Amino acid sequence: MKMKAYVRPEALYPYRDWSLAEEAYDDENNQRSESVFALGNGYIGMRGNFEEGYHGVQGKSVTGNYINGFYDSEPIVYPEGAYGYPTRNQSMLNVTNAQCIQLTVGGAPFHLNTGKIHSFNRELDMKRGFLWRHVEWEAPAGGRVKLNFRRVVSLTHKHLAAIQVEIESVNFAGEIRFHSFVDGKIAAAEVTDDPRLGAGGGEPNLILERMAHMSGLAVLKQRTRHTDFKLVTAISHQVQGQTDFEAEEVSENERIGTVFTLKLAPGEKAGLTKYISYHTSKDDAEEELEYLAAGTHRLALDLGMDRLLEEQETYLKSFWQHADVEIKGDPALQQGIRFNAFQLLQSVGRDGKTNIGAKGLTGEGYEGHYFWDTEMYMMPFFTYTQPDIARALMDFRYGTLDKARSRAAVMSQKGALFPWRTIAGEENSAYYPAGTAQMHINADIAYAIKQYVQATGDEGFLIDKGAEILFETSRFWTDLGYFNETKGGAFCIDCVTGPDEYTAIVNNNTYTNLMVQSQLNYAYETAQRLRKDHPEAYERISQAIGLTEAEIEGWHEAAARMFVPYDEQLGIYAQDDTFLSKKKWDFENTPEDKYPLLLHYHPLVIYRHQVLKQADTVMALFLLSDKFTKEEKIRTYQYYEPLTTHDSSLSPCIHSIVSAEIGDLEGAYAYFDRTVRMDLDDINKNAKDGLHTAAMAGSWMSIVNGFAGMRMVDGALSFSPALPAQWESCSFRIMYQGQLIKVSMGPNEASYTLLEGNAVSFKHKGEVVTLTAQEKTAVIQS
Ligand code: BGC
Numbered sequence: 003m004k005m006k007a008y009v010r011p012e013a014l015y016p017y018r019d020w021s022l023a024e025e026a027y028d029d030e031n032n033q034r035s036e037s038v039f040a041l042g043n044g045y046i047g048m049r050g051n052f053e054e055g056y057h058g059v060q061g062k063s064v065t066g067n068y069i070n071g072f073y074d075s076e077p078i079v080y081p082e083g084a085y086g087y088p089t090r091n092q093s094m095l096n097v098t099n100a101q102c103i104q105l106t107v108g109g110a111p112f113h114l115n116t117g118k119i120h121s122f123n124r125e126l127d128m129k130r131g132f133l134w135r136h137v138e139w140e141a142p143a144g145g146r147v148k149l150n151f152r153r154v155v156s157l158t159h160k161h162l163a164a165i166q167v168e169i170e171s172v173n174f175a176g177e178i179r180f181h182s183f184v185d186g187k188i189a190a191a192e193v194t195d196d197p198r199l200g201a202g203g204g205e206p207n208l209i210l211e212r213m214a215h216m217s218g219l220a221v222l223k224q225r226t227r228h229t230d231f232k233l234v235t236a237i238s239h240q241v242q243g244q245t246d247f248e249a250e251e252v253s254e255n256e257r258i259g260t261v262f263t264l265k266l267a268p269g270e271k272a273g274l275t276k277y278i279s280y281h282t283s284k285d286d287a288e289e290e291l292e293y294l295a296a297g298t299h300r301l302a303l304d305l306g307m308d309r310l311l312e313e314q315e316t317y318l319k320s321f322w323q324h325a326d327v328e329i330k331g332d333p334a335l336q337q338g339i340r341f342n343a344f345q346l347l348q349s350v351g352r353d354g355k356t357n358i359g360a361k362g363l364t365g366e367g368y369e370g371h372y373f374w375d376t377e378m379y380m381m382p383f384f385t386y387t388q389p390d391i392a393r394a395l396m397d398f399r400y401g402t403l404d405k406a407r408s409r410a411a412v413m414s415q416k417g418a419l420f421p422w423r424t425i426a427g428e429e430n431s432a433y434y435p436a437g438t439a440q441m442h443i444n445a446d447i448a449y450a451i452k453q454y455v456q457a458t459g460d461e462g463f464l465i466d467k468g469a470e471i472l473f474e475t476s477r478f479w480t481d482l483g484y485f486n487e488t489k490g491g492a493f494c495i496d497c498v499t500g501p502d503e504y505t506a507i508v509n510n511n512t513y514t515n516l517m518v519q520s521q522l523n524y525a526y527e528t529a530q531r532l533r534k535d536h537p538e539a540y541e542r543i544s545q546a547i548g549l550t551e552a553e554i555e556g557w558h559e560a561a562a563r564m565f566v567p568y569d570e571q572l573g574i575y576a577q578d579d580t581f582l583s584k585k586k587w588d589f590e591n592t593p594e595d596k597y598p599l600l601l602h603y604h605p606l607v608i609y610r611h612q613v614l615k616q617a618d619t620v621m622a623l624f625l626l627s628d629k630f631t632k633e634e635k636i637r638t639y640q641y642y643e644p645l646t647t648h649d650s651s652l653s654p655c656i657h658s659i660v661s662a663e664i665g666d667l668e669g670a671y672a673y674f675d676r677t678v679r680m681d682l683d684d685i686n687k688n689a690k691d692g693l694h695t696a697a698m699a700g701s702w703m704s705i706v707n708g709f710a711g712m713r714m715v716d717g718a719l720s721f722s723p724a725l726p727a728q729w730e731s732c733s734f735r736i737m738y739q740g741q742l743i744k745v746s747m748g749p750n751e752a753s754y755t756l757l758e759g760n761a762v763s764f765k766h767k768g769e770v771v772t773l774t775a776q777e778k779t780a781v782i783q784s
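324 is the number that the numbering used here gives to position 322 of the sequence shown; each next residue is one higher, with no gaps.
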């Protein structure tokens, strides 16, 4: 659908460079704010729920606490099953809520729907990595207090989070009580018809095993229903500003905690710091969990809140040094791009055992599953700004390679087929036309490996793990595809779905075939290179997987003879063998309220039309940009653009990048604008269910690959910057083979600065630029 001139909606949150803020409490938008004010460290995720709980309108709050990779697995019930359908689902669990601190002022419980709020401010500080909230509140019967909350999920201590609440009496004299506890009774999300949400369940998520107070810790141990994973949640406390207080250990039902009682006079202050830890049997032996929790709390009590916050700021300083993007001339976009980078960091698993879900750790949408979103959207951001994290994401895939081998066998194929959606490595897609059929995930992973290795120079990864993934997935392709006599003996791949989920089970999806071709060539070259330069590694891998010379030659041949559908008359790449012969969707007569189409039309109605949910062939134009001429790009883009609904949030950023490449900066800008503030402006009206992680990463690509035109072709880095007319300047940083480069775009010039490292070369609009320790900066006039 042709992008209408994009009109940015009125700000839901004030535009600020380094923070996200709220200046009033609004019940109506509470659930959305819980998503955008979420905190996380890639392991623990906490929605921005209020410590005192939510007392507003029903259905406007989801209490959410998540642990990356911690899931339960229920049987999938198919009324009409078939061989090879996944039998069990993996679903990220909403776990024990440790955010709870109920407060009473002279017996009156504090919450935002009672008494009088004199002021309310909340802010997510992205430079320092914590959330604060100030409320000045008056109890219904009088008694005014100022409350300051600070909350941090530690980026340096995986298992640790902390909350501090400080209370200052304005005119109140009397008793204050803090009841701080963990709540183990969390009901599963409701069942809905929206496929983008979780399947839901209704039963409690976790079963209580034991609760105990032990040497200052309150400990709750639970287990999952089906996977039998154990979770130990523990809390400990420090009281500030008062020595005269009572502490009573309490537990009831599935809640355990402590009630602190103290007296306050006008002008006096008191504070409570709560440390929270989560340890699970997915990481450590069950018998160790309580012991490990005790260790985490000793560390936390020793550090205290202030030191924890200092550590957080130090961590983030280094993060921003590598990942910051500055946009001068538009504070809304500046805020958006920083928010996106920050949320990506908060959601990404960094331990090699976990990954990054479609909604990060901010909500249960898509059940916490990891998709191709990781390799095609999130990985570029990490590869070029935080390569260690990118490496951990690749380690995750390697760790699940055996499961991918089993999946290929179930699909009657050799080699390995990675799951379309998963948490632990098993295929979880219950709807195979827009699930298992998206076999392009194998080629996406191969693409990400190549990009990672070329951008970082981490050959060690390729030798230890990457090559084996490449070889096994290449083996899959040559077994799946065949030389088709009816197509002149070209290599064809039938019955797959490309990225566009509005067109399913087709022969020769162009995106897939081109990505497979690129993968097979890379696998072939890698095999040759390993054999020559690392014969032992080559021997080890080929022995382990029984690789033969003939197979490797087969990759080369399949790549050389790959079938790519092209329409001579239109001069464009066809999305697949039959797409161009279908009827075009009647956009004219489709009212606005029928979008997204997937919620209003049966899949077959959609499948038999020329209509796209998201960029497909257009995505290939970007990813394999050296394979197309500019004219082909323009014609192909112009054909698909009017047919694309962007019903997937993964789509606009890709259109932004390709628009920029073909010289349509206005179009690129409009698509970028709508991507970068997708959640802050709640464009898809579902930020309440969790953030759109791939779109966030896509907005970074729109700047780096779009406006700055960054490409990596045959291992050579190049830029072709063009600053949108709306901006004064824009700059970002890129890690390339261990060197940190700052790229700045102005209206009339581009400049490159070597921030870390000794020397680096790349191209600017075709000309070689070299930066060295002596000549760190190059300024090029346009
Ligand atoms: C998109 C997929 C994506 C998934 C998870 C779907 O709506 O069509 O491409 O992987 O969402 O983000």
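Ideal Cβ positions, reconstructed from N, Cα and C, are used throughout, including at glycine. Here the structure is a predicted model, which is why all the values come from computation and not from measurement.
Pick from the options that is closest to residue i, judged by C-alpha positions
| i | options | result |
| --- | --- | --- |
| Glu769 | Met737, Tyr738 and Ser720 | Ser720 |
| Leu645 | Phe581, His281 and Val678 | Phe581 |
| Tyr317 | Val154, Ala394, His371 and Pro435 | Val154 |
| Pro125 | Gly108, Val38 and Ala697 | Pro is not the amino acid found at residue 125; the sequence shown has Glu there. Closest option to Glu125, Cα to Cα, is Val38. |
| Lys778 | Leu742, Thr235 and Glu751 | Leu742 |
| Asp246 | Ser238, Lys271 and Ala40 | Lys271 |
| Gln728 | Met747, Trp20 and Leu347 | Met747 |
| Arg309 | Gly462, His159 and Tyr603 | His159 |
| Ala560 | Trp479, Trp139, Val167 and Trp374 | Trp479 |
C-beta atoms of residue i and residue j nearer than 8 Å
| i | j | result |
| --- | --- | --- |
| Met517 | Asp446 | yes |
| Val137 | Ser171 | no |
| Ile471 | Tyr400 | yes |
| Ala163 | Ile46 | yes |
| Ser651 | Asn686 | yes |
| Tyr754 | Ala780 | yes |
| Ala785 | Met703 | No answer is possible for residue 785: it lies beyond the span of the chain, which begins at 3 and ends at 784. |
| Val613 | Trp587 | yes |
| Pro268 | Phe174 | yes |
| Glu474 | Gly417 | yes |
| Ser661 | Thr677 | no |
| Asn43 | Gly66 | no |
| Ile278 | Ile339 | no |
| Thr98 | Val184 | yes |
| Gly692 | Thr364 | yes |
| Arg18 | Gln314 | no |
For residue i, three-class secondary structure by DSSP
| i | result |
| --- | --- |
| Asp230 | coil |
| Gln616 | coil |
| Tyr504 | coil |
| Cys732 | strand |
| His648 | coil |
| Cys494 | strand |
| Asp127 | strand |
| Ala287 | coil |
| Ile782 | strand |
| Thr592 | coil |
| Asp74 | strand |
| Met564 | strand |
| Leu162 | strand |
| Lys534 | helix |
| Ser93 | strand |
| Val155 | strand |
Distance cut-off 7 Å: residue i Cβ against heavy atoms of the ligand HEM
| i | result |
| --- | --- |
| Gln345 | In the structure on display, the ligand HEM does not appear, and the ligands it does have are the ligand BGC. |
Count the C-beta pairs between the stretch 413 to 426 and the stretch 79 to 96 that are closer than 8 Å, then say yes if the count reaches three, no if not. In the pairwise beta carbon analysis, the stretch 413 to 426 is classified as touching the stretch 79 to 96: at least three pairs are separated by under 8 Å.
Three-pair Cβ contact test at 8 Å for the stretch 24 to 32 versus the stretch 657 to 668: They do not touch, by the three-pair rule.
Examine the Cβ distances between the stretch 260 to 269 and the stretch 180 to 191 and report whether three or more of them are shorter than 8 Å. Counting C-beta pairs with one atom in each stretch, the stretch 260 to 269 and the stretch 180 to 191 have three or more that are closer than 8 Å, which means they touch.
Touching or not, the stretch 617 to 625 and the stretch 504 to 523, by the rule of three or more beta carbon pairs under 8 Å? Short answer: they touch.
Should the stretch 296 to 304 be called in touch with the stretch 206 to 215, which here means at least 3 C-beta pairs below 8 Å? The stretch 296 to 304 is not in contact with the stretch 206 to 215.
Taking 8 Å as the threshold, find out whether the stretch 521 to 541 comes into contact with the stretch 596 to 611 through three or more Cβ pairs. Output reads no: the stretch 596 to 611 does not touch the stretch 521 to 541.
Taking contact to mean at least 3 C-beta pairs separated by less than 8 Å, is the stretch 379 to 394 in contact with the stretch 70 to 84? Cβ pair count under 8 Å is below three, so no.
Check whether the stretch 54 to 72 and the stretch 346 to 357 touch, using three or more Cβ-Cβ pairs below 8 Å as the test. In the pairwise beta carbon analysis, the stretch 54 to 72 is classified as touching the stretch 346 to 357: at least three pairs are separated by under 8 Å.
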